[in-house]
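*Asks:* Read top to bottom, the protein sequences are chains C and E. Count along the first sequence from 1, then add 173; that gives the number in the working numbering. Count along the second sequence from 1, then add 55; that gives the number in the working numbering. There's a structure below that I have some questions on.
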Amino acid sequence: MGKKKWLTDDAKWGYLLVAPTIIGLLVLNVYPFVQTLVLSFSTTHPFGIYEISGVENYVRMFSSAEFWKATWNSIYFCILTVPVGIFLSLLTAVLLNAKIAGKSAFRAIYFLPMVVAPAAIAMVWKWIFNAEYGIINQIIGAHVNWLTNPALVLPACAVVAIWSAVGYDAVLLLSGIQNISKSYYEAASLDGATKIQQFFHITLPMVSPTLFVVMIMRLMASIKVYDLIYMMVDQSNPALTSAQSLMYLFYRESFVAGNRGYASAIVVWTVLLIGVITAFQFWGQKKWVNYEV
Amino acid sequence: MDSLQKNYRRNKILVYVFLTAGAVLMIFPFVWMLLTSFKSAGESVQIPPTILPENWLVSNYEEALTSLPFIRLYFNTTLLILFRVLCAVAFSSAAGFAFAKLQFKGKNLLFTIVLVQMMLPSQIFIIPQYQMLAKLGMTNTIFALVFPGIVSAFGTFFLRQAYLGIPDEVGEAAYLDGCTKWQTFTRVMMPLTRSSMAALTVFTAVFAYADLMWPLIANTDINMMTLSAGLSTLRGQFTTNYPVLMAGSVLAMVPMVILYLIFQKQFVEGIAMTGGK
Numbered sequence: 174m175g176k177k178k179w180l181t182d183d184a185k186w187g188y189l190l191v192a193p194t195i196i197g198l199l200v201l202n203v204y205p206f207v208q209t210l211v212l213s214f215s216t217t218h219p220f221g222i223y224e225i226s227g228v229e230n231y232v233r234m235f236s237s238a239e240f241w242k243a244t245w246n247s248i249y250f251c252i253l254t255v256p257v258g259i260f261l262s263l264l265t266a267v268l269l270n271a272k273i274a275g276k277s278a279f280r281a282i283y284f285l286p287m288v289v290a291p292a293a294i295a296m297v298w299k300w301i302f303n304a305e306y307g308i309i310n311q312i313i314g315a316h317v318n319w320l321t322n323p324a325l326v327l328p329a330c331a332v333v334a335i336w337s338a339v340g341y342d343a344v345l346l347l348s349g350i351q352n353i354s355k356s357y358y359e360a361a362s363l364d365g366a367t368k369i370q371q372f373f374h375i376t377l378p379m380v381s382p383t384l385f386v387v388m389i390m391r392l393m394a395s396i397k398v399y400d401l402i403y404m405m406v407d408q409s410n411p412a413l414t415s416a417q418s419l420m421y422l423f424y425r426e427s428f429v430a431g432n433r434g435y436a437s438a439i440v441v442w443t444v445l446l447i448g449v450i451t452a453f454q455f456w457g458q459k460k461w462v463n464y465e466v
Numbered sequence: 056m057d058s059l060q061k062n063y064r065r066n067k068i069l070v071y072v073f074l075t076a077g078a079v080l081m082i083f084p085f086v087w088m089l090l091t092s093f094k095s096a097g098e099s100v101q102i103p104p105t106i107l108p109e110n111w112l113v114s115n116y117e118e119a120l121t122s123l124p125f126i127r128l129y130f131n132t133t134l135l136i137l138f139r140v141l142c143a144v145a146f147s148s149a150a151g152f153a154f155a156k157l158q159f160k161g162k163n164l165l166f167t168i169v170l171v172q173m174m175l176p177s178q179i180f181i182i183p184q185y186q187m188l189a190k191l192g193m194t195n196t197i198f199a200l201v202f203p204g205i206v207s208a209f210g211t212f213f214l215r216q217a218y219l220g221i222p223d224e225v226g227e228a229a230y231l232d233g234c235t236k237w238q239t240f241t242r243v244m245m246p247l248t249r250s251s252m253a254a255l256t257v258f259t260a261v262f263a264y265a266d267l268m269w270p271l272i273a274n275t276d277i278n279m280m281t282l283s284a285g286l287s288t289l290r291g292q293f294t295t296n297y298p299v300l301m302a303g304s305v306l307a308m309v310p311m312v313i314l315y316l317i318f319q320k321q322f323v324e325g326i327a328m329t330g331g332k
């Protein structure tokens, strides 16, 4: 009898407590999601009027060179940032795990970009990369157009992205490394394994689940990069098409040009792209992620 | 033994060298921002560049402060963060508790909505969200800034994890003591999730402060902008006057950096907690 009362009471409170979140998600996310799908098949006119026009937006999108360039830019940005970023984060995490003084000070410094708005970060890096007076060109004594040369603009942005994320990723990896039982290392030391061997045979396999999470997170963030490029490459920059990511193109089409239908098609495409890349990663992880702890 | 010890010392020195070099690279842009912000426009473009300003000018700060309504930007950003954090923690705690500790029909389906929202990029919602806001006539308000973040799917997921970590016996004991479900939630269990709520607070605050696309879209009136959005308009006004841009950037980042320096441990651990899950 008591058990039954528990259940009904449970259900009543259950619905009541999830209600704000679920109603919020329905209004703010589920409905907009459906609406974006509808918009992507519609022609939009000013003042929010739209009419269903079939696959027109998609046809236009797939035949647009600018769109394909933006898709490539987003993928290229991932290629530039993810492997190098993960490597540096892992290196930093391993070094921070050593028995050293001032560990928390180092950790705090590496983490600092995380609490600074990307807008401010982009501003100072734009200054550092400035072709005429930037400190980098002053140091190397050359006039390199970091942000206006089509071949260099994305690599330059990638440097900033990696610099911004390295501390955050390192903190995540560090907590993964710290969860590894000390006994593995003690046993390995007794067997005469060097630090390098210990890294490849203990640390790397044991931290691989965390590494996988960080990688997925970083891939998703990189493919939908927007704010950094928006701030570093303004719309009058001659290298804009070489730097424009999918989300930047989306922003320009939807909120600058007012092509909401076309912009919706772009964002639907981006979601599909993220889905494919993530699925690919989950498939690939079987080969290198070790869950046997 | 002696050579081992030598090796050990050499390794340790190498670790310090690497970490220090990295730390210098991490700090340098901020130092450069600060130094540039005190230089005159002429000095900033001097070749070869000066490291320290010849005269420490505050005029760039005066100029940044008169070009942007910083007081308003601080105020708007503070309110945005405050409301987003309150909403995220309150609603996500309630939903997280219910999803973890209560049995009700359709629970899995409802939780699926939460999971799917978490995996989708926010941009897929942004056009209709803006259209709703415009229809309500609520653009250029504080409400507009908070709007897409009133509920947090991530927060729900994250706090559900925290409640799952509390043994069911705690709930049963509270029930036997005569606590109602509401009391079990608010008096018994919620206090046990304090560190997770703190982590969610930090996470929500940092991301609300960093967000750029939504504030730029929702509020186009300079007086209703956030620090990030305001800063991006400063870029258009002073395209080449970097000392003023740097002064503006310093003003925009200072409050968060001060908070970070005070609550450094909570920031780093909170973010590590939300990311690792």
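Heads up, the beta-carbon is just placed ideally off N, CA and C, and yes, glycines get one too.
Evaluate Ser-250(E) with the Cβ neighbour count: other Cβ atoms within 10 Å of its Cβ, from every protein chain shown; 16 or more gives buried, anything less gives exposed.
*Replies:* Ser-250(E) comes out exposed.
*Asks:* For Leu-419(C) versus Ser-262(C), is the C-beta spacing smaller than 8 Å?
*Replies:* No. Outside cutoff.
*Asks:* Can you give me the start and stop residues for the beta strand (DSSP E) that Ile-225(C) sits inside?
*Replies:* Start and end: 223–225.
*Asks:* Is it buried or exposed, Val-191(C), if we count other Cβ atoms within 10 angstroms and call 16 or more buried?
*Replies:* Flag for Val-191(C) reads buried.
*Asks:* Mark Gly-448(C) as exposed unless 16 or more other C-beta atoms lie within 10 angstroms of its C-beta, in which case mark it buried.
*Replies:* It counts as exposed.
*Asks:* Below 8 Å on the Cβ atoms is my guess for Leu-320(C) versus Ser-415(C); work out the distance and round it to an integer in Å.
*Replies:* Going by Cβ atoms, the distance from Leu-320(C) to Ser-415(C) rounds to 10 Å, so no, they are not a contact pair.
*Asks:* So, at 7 Å on beta carbons, what are the nonlocal neighbours of Pro-323(C) in its own chain, with the 5 sequence-adjacent residues on each side left out?
*Replies:* For Pro-323(C), where only same-chain residues beyond five positions count, the Cβ hits under 7 Å are Ala-412, Ser-415.
*Asks:* Answer yes if the region 280–300 of chain E comes into contact with the region 280–299 of chain C, meaning at least three C-beta pairs across the two stretches below 8 Å, and no otherwise.
*Replies:* Yes, the region 280–299 of chain C is in contact with the region 280–300 of chain E.
*Asks:* Is it true that the CB of Glu-229(C) sits closer than 8 Å to the CB of Thr-217(C)?
*Replies:* Against a cut-off of 8 Å, the Cβ pair of Glu-229(C) and Thr-217(C) comes out as no contact.
*Asks:* Which chain C residues sit within Cβ distance under 8 Å of Phe-154(E)?
*Replies:* By Cβ distance, chain C contributes Val-191.
*Asks:* Using 10 angstroms around the beta-carbon of Lys-61(E), count the other beta-carbons present and answer buried if the total reaches 16, otherwise exposed.
*Replies:* Exposed, since its Cβ has fewer than 16 Cβ neighbours within 10 Å.
*Asks:* Sort Ile-282(C), His-316(C), Gly-275(C), Lys-368(C) by Cα distance to Ala-338(C) and report the nearest one.
*Replies:* The shortest C-alpha separation from Ala-338(C) is found at Ile-282(C).
*Asks:* Spell out whether any CB of chain C is found under 8 Å from the CB atom of Ala-199(E).
*Replies:* With 8 Å as the cut-off, Ala-199(E) does not count as an interface residue toward chain C.
*Asks:* For Val-243(E), decide whether its Cβ has a neighbour in chain C, counting only Cβ atoms nearer than 8 Å.
*Replies:* Cβ-Cβ to chain C under 8 Å: no for Val-243(E).
*Asks:* Provide the residue span of the beta strand (DSSP E) that contains Thr-217(C), from first to last.
*Replies:* Per DSSP, Thr-217(C) belongs to the beta strand (DSSP E) from 215–217.
*Asks:* Strictly below 9 Å CB to CB, what residues from chain E border Ile-273(C)?
*Replies:* By Cβ distance, chain E contributes Lys-67, Val-70, Tyr-71, Leu-74.
*Asks:* Can you name the start and end residues of the alpha helix (DSSP H) that Thr-443(C) belongs to?
*Replies:* Run containing Thr-443(C): 433–461, per the alpha helix (DSSP H) assignment.
*Asks:* Taking only beta-carbon positions, decide if Lys-162(E) is within less than 8 Å of chain C.
*Replies:* Cβ-Cβ to chain C under 8 Å: yes for Lys-162(E).
*Asks:* Should Gly-275(C) be labelled buried (16 or more other beta-carbon atoms within 10 Å of its own) or exposed?
*Replies:* With fewer than 16 Cβ atoms within 10 Å of its Cβ, Gly-275(C) is classed as exposed.
*Asks:* Do Ser-304(E) and Met-81(E) have their CB atoms nearer than 8 Å?
*Replies:* Going by C-beta atoms, Ser-304(E) is not nearer than 8 Å to Met-81(E).
*Asks:* Which residue comes first and which comes last in the alpha helix (DSSP H) that contains Met-420(C)?
*Replies:* Here the alpha helix (DSSP H) through Met-420(C) covers 419–424.
*Asks:* Lys-61(E) touches chain C at which residues, Cβ-Cβ below 7 Å?
*Replies:* Result: empty, since nearest Cβ-Cβ is about 14 Å, beyond 7 Å.
*Asks:* Whose C-beta lies closer than 6 Å to the C-beta of Gly-331(E) among residues of the same chain, with five residues either side of it excluded?
*Replies:* Any answer about Gly-331(E) is weak, because its pLDDT of 46 lies below 50 and its placement is not dependable; what the coordinates show is given next. Cβ neighbours of Gly-331(E) beyond the five flanking positions: none.
*Asks:* Mind pulling the chain E residues with CB within less than 8 Å of Pro-378(C)?
*Replies:* Residues of chain E passing the Cβ test: none, with the nearest at roughly 18 Å.
*Asks:* Check each residue of the region 286–311 of chain C: if its Cβ is closer than 8 Å to any Cβ of chain E, include it; give the result in chain order.
*Replies:* Listed by position, the residues of the region 286–311 of chain C near chain E (Cβ gap below 8 Å) are Pro-286, Met-287, Val-288, Val-289, Ala-290, Pro-291, Ala-292, Ala-293, Ile-294, Met-296, Val-297, Trp-298, Trp-300, Ile-301, Asn-303, Glu-305, Tyr-306, Ile-308, Gln-311.
*Asks:* I'd like to know whether the C-beta of Ser-304(E) is nearer than 8 Å to at least one C-beta of chain C.
*Replies:* With 8 Å as the cut-off, Ser-304(E) counts as an interface residue toward chain C.
*Asks:* Taking 8 Å as the cut-off, does the region 101–119 of chain E touch the region 258–275 of chain E (at least 3 CB pairs, one atom from each stretch)?
*Replies:* Output reads no: the region 101–119 of chain E does not touch the region 258–275 of chain E.
*Asks:* Arg-280(C) touches chain E at which residues, Cβ-Cβ below 8 Å?
*Replies:* Neighbours of Arg-280(C) on chain E, chain order: Val-323.
*Asks:* Check whether the region 391–411 of chain C and the region 353–363 of chain C touch, using three or more Cβ-Cβ pairs below 8 Å as the test.
*Replies:* Short answer: they don't touch.
*Asks:* Using CA coordinates, which residue listed in Met-193(E), Glu-224(E), Leu-314(E), Cys-234(E) is at the minimum distance from Thr-275(E)?
*Replies:* Per the Cα distances, Met-193(E).
*Asks:* Have a look at Val-440(C) and Thr-248(E) and give me their C-alpha separation to the nearest angstrom.
*Replies:* Cα-Cα distance, rounded: 36 Å.
*Asks:* Within its chain, find whatever has a CB closer than 7 Å to the CB of Pro-193(C); leave out the 5 residues flanking it on each side and keep chain order.
*Replies:* There are no such residues.
*Asks:* Would DSSP call Tyr-464(C) helix, strand or coil?
*Replies:* Correct three-state label for Tyr-464(C): coil.
*Asks:* Tell me whether the beta-carbon of Asn-270(C) lies closer than 8 Å to the beta-carbon of Ser-381(C).
*Replies:* No, Cβ-Cβ distance for Asn-270(C) and Ser-381(C) is not below 8 Å.
*Asks:* Return the first residue and the last residue of the alpha helix (DSSP H) that Gly-275(C) is part of.
*Replies:* Premise fails: Gly-275(C) is in no alpha helix (DSSP H) and is neither H nor E.
*Asks:* Does the beta-carbon distance from Thr-164(C) to Val-267(C) come in below 8 Å?
*Replies:* The question about residue 164(C) has no answer here: the residues shown for chain C are numbered 174 through 466.
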